[in-house]
Amino acid sequence: MEAVSRTAQWTAAARALETEREDRLFADPYARTVADEIGFELLKRYDGGGIVPFLAIRTTYLDRAIVRAVQERGIRQVVFLAAGMDTRFHRLPWPDGVTVYELDRPALLEVKAGMLRDEPLPAGRTRVAVPVDLTQDWTGPLKEAGWKSDEPVLWVVEGLLFFLPEQAVRTLISTLSAHAAPGSVLLGDVISRAALTNPLARGFMRALEEDGNPWLFGTEEPEALLADCGWAVREVRQPGEAGADFDRWPYPVPARTVPGVPRSFLFTCDLPGTPGHDEEVAA
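Under this note's numbering, think of the first position of the sequence shown as 7, with each following residue one higher.
Rendered as structure tokens:
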């Protein structure tokens with residue numbers, strides 16, 4: 007696999023550690039398999055700054071938001087962009103009739119398929135691997151794989167945006183809104199610009215760059231970014247805030263008005279005009 011694809015294995019290693027806790031927030035019985043030895047080596051190399059608790063929180067937040075979207079909105083098309091070593095197709099309680107599309111580089115998808123080849127496929131759901139380069143056209147291959155642009159879709163962009171330059175981030179998020187039918191949902195995460203220059207994270211950032219996986223993008227205003235790209239923000243949460251804590255975040259959460267603070271943001275968005283959006287935001 008390419009170097010950038012290896013990052014999927016250290017996040018899988020973090021999921022394995024959470025799964026093995028007695029007070030685990032989720033169970034991912036496949037995480038240790040797809041992490042392999044390299045995942046735990048990289049997790050040790052990149053450790054620090056709350057990475058492990060953050061990954062537990064991010065996984066939990068998105069797990070629950072995904073389940074809500076398909077159950078409450080009736081969405082039956084779910085697309086994971088840069089799916090990596092995600093195993094939600096196997097482990098989440100999907101309603102019958104859901105199709106999960108996993109987009110990523112061909113080499114990663116091939117390796118992942120080999121790692122999970124002996125795992126039984128759950129009934130009532132379909133997984134479609136779509137080998138693409140997300141810096142090139144990917145909507146064409148996704149349509150060829152069976153995705154329907156005139157039906158609601160759940161887009162998931164987990165652990166992706168900070169690896170892209172700003173224009174690529176804006177183009178991607180705008181593409182998602184332009185190819186979403188009413189009732190569609192966008193879930194994901196992004197970091198602040200301050201997180202890229204945090205002195206306490208220099209070792210972590212240097213290791214990522216040395217390994218060919220530099221973090222390139224952050225924003226202090228995720229709400230504005232998402233709105234500019236065609237989405238109506240339902241919520242943005244920082245780890246440690248209500249709805250994104252789960253008794254895992256060990257640090258205080260400074261107010262958004264405090265400048266220069268490294269932050270991570272978890273977000274849920276709808277298309278503007280989606281029925282029920284205003285009520286959910288008010289709640």
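For every residue, glycine included, the Cβ atom is placed at its ideal position computed from N, Cα and C.
Small disclaimer: the values here were computed from a predicted structure and weren't measured.
Just the Cα atoms here: how many angstroms apart are residue i and residue j?
| i | j | result |
| --- | --- | --- |
| F95 | A129 | 11 Å |
| P59 | F168 | 18 Å |
| T65 | R21 | 8 Å |
| E241 | L160 | 16 Å |
| F46 | A62 | 15 Å |
| P205 | A213 | 14 Å |
| R51 | Y36 | 22 Å |
| Q77 | H185 | 22 Å |
| Y107 | P158 | 14 Å |
| K118 | R133 | 13 Å |
| T39 | G224 | 31 Å |
| L127 | G103 | 14 Å |
| W255 | E172 | 28 Å |
| D253 | S198 | 23 Å |
| A248 | A75 | 19 Å |
| R79 | A174 | 29 Å |
| G246 | A187 | 33 Å |
| E226 | G266 | 9 Å |
| V73 | P101 | 9 Å |
| G189 | I81 | 8 Å |
| E43 | G146 | 35 Å |
| P99 | R131 | 10 Å |
| L122 | D92 | 11 Å |
| T25 | R111 | 27 Å |
| E216 | L170 | 17 Å |
| T203 | T105 | 39 Å |
| L140 | R12 | 16 Å |
Terminal residues of the continuous beta strand (DSSP E) containing residue i?
| i | result |
| --- | --- |
| E108 | 104-110 |
| P137 | 131-137 |
| F86 | 83-87 |
| E241 | 238-243 |
| L160 | 160-163 |
Hey, quick one: how far does the alpha helix (DSSP H) through residue i stretch, first residue to last?
| i | result |
| --- | --- |
| R254 | Segment: none, R254 is in no alpha helix (DSSP H) and carries neither H nor E. |
| V76 | 57-78 |
| L232 | 228-234 |
| A213 | 208-216 |
| I44 | 37-52 |
| L202 | 199-203 |
| P268 | Run containing P268: none; DSSP gives neither H nor E here. |
| A174 | 172-184 |
| P128 | Per DSSP, P128 belongs to no alpha helix (DSSP H) and is neither H nor E. |
Please state whether the Cβ-Cβ distance between residue i and residue j is less than 7 Å.
| i | j | result |
| --- | --- | --- |
| G90 | A14 | yes |
| G194 | F271 | no |
| L115 | V138 | no |
| L68 | E164 | yes |
| R97 | D29 | no |
| V136 | A151 | yes |
| L196 | P228 | The displayed chain sequence assigns Val, not Leu, to residue 196. Cβ atoms of V196 and P228: closer than 7 Å. |
| Q83 | W153 | yes |
| A41 | A18 | yes |
| A88 | L166 | yes |
Excluding the 5 residues flanking residue i on each side, which residues of the same chain have their C-beta closer than 7 Å to its C-beta?
| i | result |
| --- | --- |
| S183 | C235, G236, W237, L277 |
| Q244 | A250, V259, R269, S270, F271 |
| E125 | Y36, H96 |
| P220 | L214 |
| L23 | V58 |
By Cβ distance, which residues of its chain are closer than 6 Å to residue i, with the 5 residues on each side in sequence left out?
| i | result |
| --- | --- |
| L48 | W16 |
| L148 | V136 |
| G279 | none |
| Q142 | none |
| S155 | H185 |
| F86 | D92, E108, V162 |
For residue i, I'd like the list of residues in its chain whose CB is within less than 8 Å of its CB, leaving aside the five on either flank, ordered along the chain.
| i | result |
| --- | --- |
| A207 | G54, G55, A201, P268 |
| A289 | With a pLDDT of only 47 at A289, under the threshold of 50, the placement of this residue in the model should not be trusted, and no figure is reported. |
| C275 | V191, L192, L193, L232, W237, A238, V239, R240 |
Check: Counting Cβ pairs closer than 8 Å, one from the segment 256-265 and one from the segment 174-181, do we hit at least three?
Finding: Short answer: they don't touch.
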